[in-house]
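Notes follow once the structure below has been shown.
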Amino acid sequence: MAGRVDRHRAALSRGRPNQVPRWFVALVAAAPVLFVTVFYAWPVATLLWSTLDDAATGSPFRHIAGIVWFTVWQAALSTALTLAVGVLPAYVLARYSFRGRRLLTAATLVPFVLPTVVVGAAFIALLPDSWHGTPRAMIAAHVFFNIAVVVRLVGSMIALIPHDLVGAARTLGASPMKAARLIVLPLLRPALWSAAAVVFLFSFTSFGVAKLLGGPTNPTLEVEIARRATQLGDVAGAAALSVLQLVLLAIVIVWTSRRQRHSSVELQGAAAPRRPRGRSQRRLVVCVCAATVAIIALPMVALVTRSFRVAGDWSMSAWTKLGTTEVRPGAGLGVDPLASIATSLRFAIVAAAIATVVGFLAAAAINASPRAGRVLDAGLMLPLATSAVTIGLGMLITFDTWPVDWRARWWLVPLGHALVAVPFVVRALLGVLRAIPADLRAAAATLGASPIRTWWEVDARAMRRPLLAGVGFSAAISLGEFGATTILTRSGTETLPIAIGRLLGRAGALPQAQAFAMATILLLLTTVLVVASGVHERAGIDA
Amino acid sequence: MLDVIGVSVAFDGRQVLDDLSMHVDRGEVVAVLGASGAGKSTLLRVIAGLLTPDAGRVLLEGVDITDRPSHLRRIGMIFQDEQLFPHLDVAANVGFGPRMSGWPAPRIATRVEELLDVVGLGGFGERRVDRLSGGEKKRVALARSLAPEPALLLLDEPLTGLDRELHDRLIVELHDVLRATGTTAVLVSHDADEAAALASRILYWTDLQPV
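Keeping their order, the protein sequence lines are chains C and U.
Final position of the first sequence in the numbering used here is 543; the numbers increase by one with none missing.
Final position of the second sequence in the numbering used here is 1211; the numbers increase by one with none missing.
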């Protein structure tokens, strides 16, 4: 019976001789679509724009539209290039087993955990002067920064496609190219979409890289918001642009999550990576690995090298003069390198403490009450989806009237850092908590432990290791945070990234070299913290 | 029809195939019988061109095809775990081979219907493959590998992992389909009864390689 119904349904949907042709439908639909576009969408858009126009932002529509357009296309191009560059390493690392594979996989994640200021400084050190302040420098850095996303998200999907599935296509007459296009690509589509969405969002809201490399003539929305808030004192205009950015981000997120839902096919099991066989496979593995290592290592090598070069000569002076008054004019824009390191370390400790305590309590609460916990979980994740500059701007606007006039308090900056770090702490803790079998708690109870004692013995104990990792990772986030800090920073308590940004903006060979030296210090501090907390194994992105 | 001459394959220094030779005539259904893990799948992969041997030649109708890529060999294969394309429906799976050979669409549609009828799945064309039962998946895999009219069909433990009743029924069906289509086939199996029921000739794994 069921078979017959199916057969009828199949017959019905196969040939549709009585259906009107597509072009006819399009023709009929054209008039209403045009009507709605011209008389509804256009006026509403104009209205939205005009509120953003002169009154709110103090600059003409054309100017804002240009910034939005630039932000969108640089993000789109960054995304396309990151996918193009990242797919081969993702494929080789997922498909082939060879010596150093695990090390290389870990290395591809390094750029992702680097502070954006370090990435910016490294690309200034690497690229020729003619590239400085150009969109291509910025896009190159975005690609470097986001390769990890592709290697992670797309690679884990490639690892699920059985070797024999491609083999089946080959024995059915598909050339390697056709098998890739008709079998592998459709199966990878969901992973490619989610990787593209993540890279696009990061590039769209990119601040450190865009500010240092894009130059003043090519501001992204995020850079423009910060410029208005800090340099022009135009907080209202900055706020209006922030709202616009939030709306655009929401559109992108909704659209991409739709796309992902559309194209998902289940794959079970995993295809173990194989040793490369034959000359061509070995050559592929060697070439891709060499290229990947070069892409990851070159900017960092350039950064460290350039910190030892002043005006074309090898010199230690950038390092030895970090503490001297030469670059401390004492004026408002003076930079005190050593003091900024001390400030950063102090802020990192405070931020890590806040993030860890809040994250610990949140994770415990979320785990204890699944339903209300989900709301708390989502609420704590929100700062991740909001751009850092927006967070800083929001705090700046909110906390400047009595009784919450905290704008001048030093702890507002580490608090902002903690806000960004909490979601990572919560993710790390929840992963462990949810892995505890319920029977373990039951066993403790039957052995005479009270509920609170059980929680202490089972849950709290399990959280110890991820908690330590959380401390390290939040400290690393605090050390590198640039967007919110740019808005909230006050003279006298500049952090390391702020000092690097200022030094890079100075003319002269010595400040440049000093910026590279400080970026090297930040690079080392971050690396030590990230490696020590072991997050390189379970990187932030799938957290 | 098929000649395998002195083929050797090593994985990570472990010799899986060692100077293996065999011969198959047109229209034969040959079963290669051997213990699990002996390297039978590896042999089929070499014949299908999915694996390049370290030494030895593979000849199809007297022509050396050792260096010919898989998609130009006209050798079909049924994998132990079917490997149906999960993003395509049943009809698109079966029609994949003819499509690769550039058949015109109406002819592909006819061929798909014809083969689905042969394997007893008429009307299943628009089903999703992940909703099929184990036996249905095997039948789709059989139809798919026969669709582009391969010169030779390879079957890797085609009936392993099915329950007894289904296993016995599919043996009969598979036997009939292979005979009805006049397909030359090599199947590898560790089950002597299965081999005897399907094959016109049985080769023992240990006889294929010099000791």
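Ideal placement from N, C-alpha and C gives every residue a C-beta, glycine not left out.
Cα-Cα separation between residue i and residue j, rounded to whole angstroms
{"i": "C:Ser-130", "j": "C:Arg-136", "result": "11 Å"}
{"i": "C:Phe-516", "j": "C:Ala-121", "result": "6 Å"}
{"i": "U:Leu-1170", "j": "U:Ala-1185", "result": "16 Å"}
{"i": "C:Ser-156", "j": "C:Ala-435", "result": "21 Å"}
{"i": "C:Ala-10", "j": "U:Glu-1126", "result": "Below a pLDDT of 50, predicted positions are generally treated as unreliable, and C:Ala-10, at 47, falls in that range; the measurement from the model is reported next regardless. So the two alpha carbons sit approximately 6 Å from each other."}
{"i": "C:Trp-406", "j": "C:Arg-490", "result": "12 Å"}
{"i": "C:Ile-521", "j": "C:Ser-78", "result": "28 Å"}
{"i": "U:Leu-1115", "j": "U:Pro-1150", "result": "14 Å"}
{"i": "U:Leu-1072", "j": "C:Leu-246", "result": "54 Å"}
{"i": "U:Glu-1136", "j": "C:Arg-101", "result": "39 Å"}
{"i": "C:Val-85", "j": "U:His-1087", "result": "26 Å"}
{"i": "C:Gly-3", "j": "C:Gly-173", "result": "Its pLDDT being 47, under 50, C:Gly-3 is placed unreliably in this model, and the value from its coordinates should be taken loosely. Each residue's alpha carbon lies about 32 Å from the other."}
{"i": "C:Thr-386", "j": "C:Phe-204", "result": "11 Å"}
{"i": "C:Trp-410", "j": "C:Thr-493", "result": "8 Å"}
{"i": "C:Thr-325", "j": "C:Phe-207", "result": "With a pLDDT of 47 at C:Thr-325, under the threshold of 50, the modelled position of that residue is not reliable, and the figure given next carries that caveat. Distance between the alpha carbons of C:Thr-325 and C:Phe-207: 30 Å."}
{"i": "C:Gly-332", "j": "C:Gly-373", "result": "Interpretation of C:Gly-332 is limited by its pLDDT of 44, a score under 50 that renders its predicted location unreliable; the figure taken from the coordinates is listed afterwards. One C-alpha to the other measures close to 46 Å."}
{"i": "C:Val-166", "j": "C:Ile-183", "result": "7 Å"}
{"i": "C:Ser-533", "j": "C:Leu-429", "result": "13 Å"}
{"i": "U:Val-1007", "j": "U:Pro-1210", "result": "11 Å"}
{"i": "U:Asp-1130", "j": "U:Asp-1176", "result": "26 Å"}
{"i": "C:Val-375", "j": "C:Ala-418", "result": "19 Å"}
N- and C-terminal bounds of the beta strand (DSSP E) containing residue i
{"i": "C:Leu-523", "result": "Run containing C:Leu-523: none in the beta strand (DSSP E); it sits in the alpha helix (DSSP H), 509-532."}
{"i": "U:Gln-1015", "result": "1014-1024"}
{"i": "C:Val-544", "result": "Since the first residue shown for chain C is 1 and the last is 543, residue 544 of chain C is missing from the structure and cannot be characterised."}
{"i": "U:Gly-1076", "result": "1075-1078"}
{"i": "C:Ile-498", "result": "Premise fails: C:Ile-498 lies in the alpha helix (DSSP H), 496-505, not in any beta strand (DSSP E)."}
{"i": "C:Val-434", "result": "Just to set this straight, residue 434 of chain C is Arg in the shown sequence, not Val. Element bounds for C:Arg-434: not the beta strand (DSSP E) but the alpha helix (DSSP H), 412-435."}
{"i": "U:Ser-1008", "result": "1002-1011"}
{"i": "U:Asp-1057", "result": "Checking the sequence, you will find Arg at residue 1057 of chain U rather than Asp. Taken as a continuous stretch (DSSP letters only), the beta strand (DSSP E) holding U:Arg-1057 covers 1055-1060."}
{"i": "U:Leu-1155", "result": "1152-1156"}
Minimum C-alpha distance to residue i - residue among the options
{"i": "U:Ser-1021", "options": "U:Trp-1103, U:Leu-1002, U:Val-1029", "result": "U:Leu-1002"}
{"i": "C:Ala-507", "options": "C:Phe-112, C:Ser-344, C:Leu-221, C:Val-310", "result": "C:Val-310"}
{"i": "C:Ala-197", "options": "C:Ile-251, C:Val-166, C:Pro-276", "result": "C:Ile-251"}
{"i": "U:Leu-1155", "options": "U:Leu-1162, U:His-1167, U:Glu-1165, U:Leu-1174", "result": "U:Leu-1174"}
{"i": "U:Leu-1033", "options": "U:Val-1004, U:Ser-1041, U:His-1190, U:Thr-1181", "result": "U:His-1190"}
{"i": "C:Leu-298", "options": "C:Ser-315, C:Val-38, C:Val-119", "result": "C:Val-119"}
{"i": "C:Ala-351", "options": "C:Leu-468, C:Leu-479, C:Asn-146, C:Ala-363", "result": "C:Leu-479"}
{"i": "C:Leu-241", "options": "C:Arg-427, C:Ile-67, C:Ala-449", "result": "C:Ile-67"}
Chain-ordered chain U contacts of residue i [CB-CB under 9 Å]
{"i": "C:Leu-267", "result": "Pro-1086"}
{"i": "C:Leu-187", "result": "Phe-1085, Pro-1086, His-1087"}
{"i": "C:Gly-278", "result": "Thr-1052"}
Cross-chain neighbours of residue i in chain C, by beta carbon under 8 Å
{"i": "U:Ile-1075", "result": "Thr-171"}
{"i": "U:Ser-1101", "result": "Gly-173"}
{"i": "U:Asp-1012", "result": "Arg-275"}
{"i": "U:Pro-1148", "result": "Leu-172, Gly-173"}
Residues that residue i contacts on chain U, provided the C-beta gap is smaller than 8 Å
{"i": "C:Gly-167", "result": "Arg-1045, Ala-1048, Leu-1050, Ser-1070, Met-1077, Phe-1079, Gln-1083"}
{"i": "C:Lys-178", "result": "His-1071, Met-1100"}
Amino acids of chain U, ordered along the chain, whose beta-carbon sits closer than 7 Å to that of residue i
{"i": "C:Ser-175", "result": "His-1071"}
{"i": "C:Asp-164", "result": "Phe-1079, Gln-1083"}
{"i": "C:Ile-295", "result": "What C:Ile-295 touches in chain U: nothing, since even the nearest Cβ is about 30 Å away."}
{"i": "C:Ile-183", "result": "Phe-1085"}
Range covered by the alpha helix (DSSP H) that runs through residue i
{"i": "U:His-1284", "result": "Chain U is shown from 1001 up to 1211; residue 1284 of chain U falls before or after that span and cannot be answered."}
{"i": "C:Phe-207", "result": "From DSSP, C:Phe-207 is part of no alpha helix (DSSP H); its letter is neither H nor E."}
{"i": "C:Arg-170", "result": "163-171"}
{"i": "C:Ala-311", "result": "First-last for C:Ala-311: undefined, no H or E at that position."}
{"i": "C:Asp-377", "result": "370-385"}
{"i": "U:Ile-1108", "result": "1105-1118"}
{"i": "C:Gly-120", "result": "116-126"}
{"i": "U:Ser-1145", "result": "1134-1146"}
{"i": "C:Leu-284", "result": "278-306"}
{"i": "C:Arg-407", "result": "Premise fails: C:Arg-407 is in no alpha helix (DSSP H) and is neither H nor E."}
Integer-rounded CB distance, given that residue j should sit under 8 Å from residue i
{"i": "U:Leu-1208", "j": "U:Leu-1198", "result": "Not a contact, Cβ separation roughly 18 Å."}
{"i": "C:Ile-498", "j": "C:Pro-414", "result": "Rounded, the Cβ-Cβ distance is 14 Å, inconsistent with contact."}
{"i": "C:Phe-424", "j": "C:Phe-473", "result": "6 Å"}
{"i": "U:Thr-1160", "j": "U:Gln-1083", "result": "Wrong, their Cβ atoms sit about 14 Å apart, outside the cutoff."}
{"i": "C:Val-432", "j": "C:Met-463", "result": "6 Å"}
{"i": "C:Ile-147", "j": "C:Pro-111", "result": "6 Å"}
{"i": "C:Gln-514", "j": "C:Ala-318", "result": "5 Å"}
Neighbouring residues, chain C, relative to residue i (Cβ below 7 Å)
{"i": "U:Ala-1097", "result": "Contrary to the premise, residue 1097 of chain U reads as Gly rather than Ala in this sequence. Ordered by position in chain C, the residues that pass the 7 Å Cβ test against U:Gly-1097 are Leu-172, Gly-173."}
Closer than 7 Å to chain B by CB, residue i
{"i": "C:Arg-506", "result": "Looking for chain B here will not work: the only protein chains present are C and U."}
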